[in-house]
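All remarks here apply to the structure that follows.
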Amino acid sequence: MPQTESPELNLPTSPRDILEALVRIDSTSHTGNLETITLLQRIFASKGVTTHVFREEDGLDANLVAVFPAVGEAAGDSTDRAAKDVLGSDYGTGRGGVDRLEGESTPAHASDAARRGILIAGHTDCVPVTGQEWVSPPFEPTERDGKLYGRGTADMKGYIATFTALADRFLAADLTEPVYLAATWDEETSCNGARELVKQLDTLEIAPRIAYVGEPTMMDVITAHKSMNSFEADFYGIAAHSSLLPRGLNANRYAAEFTTWFHEEIIDRGIAEGPSDSAFLVPHITGGVNRFDGGNAINTVGAHAHLLFEYRALPSDDAIAIARRIQAKIAELDEEMKKAVPADPADSEQAKNVGASLTIRTLLYPLDCGTEGEAAQLARELGVTISPTKVTYGTESGIYEAAGMSAVVIGPGDIAQAHGANEYVALDQLERCEAFFLALLERLSN
Ligand SMILES: [Zn+2]
């Protein structure tokens, strides 16, 4: 048994109290999650649960893994380390999923036979409240009509709080296989916390066979979602008075050419000729250049254009092959632009930097563990409904699937409430979540 520290006063204990404490911490993605991780660390320490904390270099974020060992196994001592020291040269690789494009995609992972344990996975960050009209303050949990309002109540602090409240029971049980809680940083903008977690679990020699990811699903199991892939592109030309066109190079023209190509060749053609699956609300690939900024005046040749674009592809579609085509198209335009530099440019400094470049924001894995996969099977045996619907939003579940786990999404609350003003979780959803964890506990108990 790990050493139990002297119990701290004033720590929340019930699911509701822990959830309220978590909501009071503003963990909007860009502000980091350290305060949340510290609170969870203290709660687990007070219960004698072993935790491993991995701190990011930015000083803002950390992942936490809490360990509930199987009967007869030791959980070991708690650790609290810099993620960089733990991972060494592996640290930060694959941020945004860029490694997949470079052909180093598959994370190293244990064989299926060596896998054991259940990962309860949740992200601790939440989306901003900026510009939203809230009836009650977003970071002050407020109950109305059987619902608890506050940022992150549904997405997804309710899930983490409910499990955390049951920690002593999981620790005291004679578990037939280990259970882990993972609380990760930044899901909402990058999913990089989950990407780092996969490597951190490896260093702990933790290889769960199942991951339950607590995005709000009304406590049904969701087994599939599309991949989500987002990019920025920059086009650098040469500014000139528009009357001196031969001495300039219009960046907007190349950005527009890319935009047309992307819509025709990737999206329109993907819809017409690519895979289709009617279990999705929108049964085919979607995407577009959703923001286009370029140039600065009506009588100046546009020197810079910046695009934001994305696509969401079916699990059966090769999202990485699509990304490589985009990369090749940008390289082609880059070459064309460089060839088009005039001999006598209006701005010789700009002339040196002419070209097109691509930045990958994220290549998020799709999820498709199937309604008969291990995670869905076990949930079904615990009395959970397996939804036939495949969802359009992305989650970190695909990262866990790619790392070799059977992963599905199941959590309290409704995704419809997740990112808007007046986010809430119904209190009976928290009860259903607790019932799910208790059924899991019962199932894994000797
Ligand atoms: Zn979420």
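Residues -6 to 439 (the working numbering) are what the sequence shown spells out, left to right. Note that CB positions come from ideal geometry on N, CA and C, so glycine has one too. Values in this document were obtained by computation on a predicted structure and should not be read as measured data.
Per DSSP, residue i is paired with what?
i	result
Asn222	Tyr304 and Leu356
Leu48	The amino acid occupying residue 48 in the given sequence is Arg; Leu does not appear at that position. Answer is Ala55 and Ala75, bridged to Arg48.
Arg284	Leu301
Glu136	Leu141
Ile323	Its beta-bridge partners do not exist; DSSP assigns none.
Leu509	A question about residue 509 goes unanswered here, because the residues of the chain that appear run from -6 up to 439.
Leu174	Ala59 and Ile113
Ala419	Lys140
Gly404	In DSSP, Gly404 forms no bridge with anything.
Gly348	Tyr229
Ile379	Val214
Val384	His218
Ser438	Leu168
Ser309	According to DSSP, Ser309 bridges with nothing at all.
Ser399	Ile203
Thr21	Cys119
Asp361	Ala217
Thr293	His234
Thr31	The partner list for Thr31 (beta bridge, DSSP) is empty, contrary to what the question assumes.
Thr43	Val60
Thr279	Arg305
So, residue i versus residue j, is the Cβ gap smaller than 8 Å?
i	j	result
Arg108	Met221	no
Ile30	Val16	no
Val214	Ile403	yes
Thr117	Thr177	yes
Pro171	Val79	no
Ile153	Gly207	yes
Met211	Asp407	yes
Ala265	Ala368	no
Tyr142	Tyr417	yes
Val58	Tyr173	yes
Leu274	Thr385	yes
Asn185	Gly89	yes
Ala232	Ala296	yes
Ala312	Pro359	yes
Gln461	Gly413	Coverage of the chain is limited to positions -6 through 439, which leaves residue 461 absent and any answer about it impossible.
Glu288	Asn346	Correcting the residue identity first, residue 288 is Gly in this sequence and not Glu. For Gly288 and Asn346, no; Cβs fall outside 8 Å.
Ala217	Pro130	no
Leu434	Arg262	no
Leu351	Arg93	no
Ala248	Phe224	no
Val128	Asn415	yes
Ala411	Ala147	yes
Gly140	Ala349	Going by the sequence as given, residue 140 is Lys instead of Gly. Their beta carbons are not under 8 Å apart, which means Lys140 does not touch Ala349 by this criterion.
Ser20	Gly145	yes
Thr182	Phe430	no
Leu437	Thr169	yes
Arg284	Leu301	yes
Glu95	Ser39	no
Val91	Ala396	no
Gln34	Thr43	no
Leu375	Ala314	no
Ala160	Phe37	yes
Pro268	Asp310	yes
Gly115	Pro405	no
Thr196	Ile11	no
Beta carbon shell of ligand 1 at less than 7 Å from a heavy atom | Counting every residue whose Cβ lies closer than 7 Å to a heavy atom of ligand 1, we get His116, Asp148, Met149, Glu180, Glu181, Glu208, Thr388 and Ala411.
Complete alpha helix (DSSP H) runs within the region 84 to 128 (minimum length 4 residues, chain order) = Positions of the alpha helix (DSSP H) runs, each at least 4 residues long and wholly inside the region 84 to 128, are given as 91 to 94 in order along the chain.
Can you list, in chain order, the stretches of the alpha helix (DSSP H) that have 4 or more residues and sit fully within the region 187 to 272?
-> Within the region 187 to 272, the complete alpha helix (DSSP H) runs of at least 4 residues are 244 to 254 and 262 to 266.
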